[in-house]
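Asks: In our numbering, the protein residues as written are -9 to 222.
#1: In angstroms, rounded to a whole number, what distance separates the CA positions of residue 126 and residue 117?
#2: If you drop the 5 nearest sequence neighbours on each side, which residues of the same chain put their C-beta closer than 7 Å to that of residue 4?
#3: Would you kindly report the start and end of the unbroken alpha helix (DSSP H) that includes residue 109?
#4: Hey, how far is the Cα of residue 135 from the Cα of residue 155?
#5: I'd like the span of the alpha helix (DSSP H) that includes residue 56, first residue to last.
#6: So what does DSSP say about residue 125, is it helix, strand or coil?
#7: Could you tell me the distance, in whole angstroms, from the CA atom of residue 64 to the CA atom of residue 20?
#8: If you follow the alpha helix (DSSP H) that residue 21 is in, where does it begin and where does it stop?
#9: Who are the near neighbours of residue 200 in its chain, counting only those whose CB is closer than 8 Å to its CB and skipping five residues on each side?
#10: Using only the alpha-carbon positions, how far apart do residue 23 and residue 2 sit?
#11: So, at 8 Å on beta carbons, what are the nonlocal neighbours of residue 76 in its own chain, with the 5 sequence-adjacent residues on each side left out?
#12: Per DSSP, which residues does residue 149 bridge with? Please list them.
#13: Can you give me the C-alpha to C-alpha distance between residue 194 and residue 188, rounded to a whole angstrom?
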């Protein structure tokens, strides 16, 4: 079977073969000129990756994380998205190890932007905390007290997709620890998660916002109550 280095080389050749300079420029500018791109849009990229990995042997837990790390260390954004999607597909909650949170934190803090963090937090980090709930409070507290806005955003958003299983009192506690900043991506995350859970628990979200209006940033309030205000 081919080595991991050989697989990465072949995947890079595949991406280079399908590069699109016009798309790459548009993607580069859309992402505020932070990342290089081959210019391969999501649907064709996923098709290329699916076809590529279908011809390789399954990776075990350690191989999977190492492959994801090596993909993530490359410059082009297509590699970063591929790494995350590979983890989502093949890294099952039952296979998670306690130390995997260190790798997820590295992913959050590397090539950080909303398009990756907003997948890692509510999917990979959520699954980790559901698997190892005893680790949650300590890690979330550490992230909230960090100076890294993407760790703070992740501490807020890991409950984004929990629907009926969301722990609202804990979420409210997290939000109150995260508020008091002018950072756009933190206040936007607060508004987003309040709006999302307001779809199912509108009265509790409305009550929380009203009681803490003096603490929450106007952006968080506006985003968090947008759907609630439509129902009035």
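Glycine included, each C-beta is placed from N, C-alpha and C at the ideal position. This structure is a prediction, so every number in the text was calculated from the model and none was measured.
Replies: Considering the structure as presented:
#1: 11 Å
#2: 38 and 42
#3: 104 to 109
#4: Distance from the CA of residue 135 to the CA of residue 155, rounded to the nearest whole angstrom, comes to 25 Å.
#5: First-last of the alpha helix (DSSP H) with residue 56: 51 to 62.
#6: helix
#7: 19 Å
#8: Taken as a continuous stretch (DSSP letters only), residue 21 belongs to no alpha helix (DSSP H), as it is neither H nor E.
#9: Excluding positions up to five away in sequence, the list is empty.
#10: 21 Å
#11: 39, 43, 54, 57, 58 and 61
#12: In the DSSP output, where bridge partners are listed per residue, residue 149 has none listed.
#13: One C-alpha to the other measures close to 8 Å.
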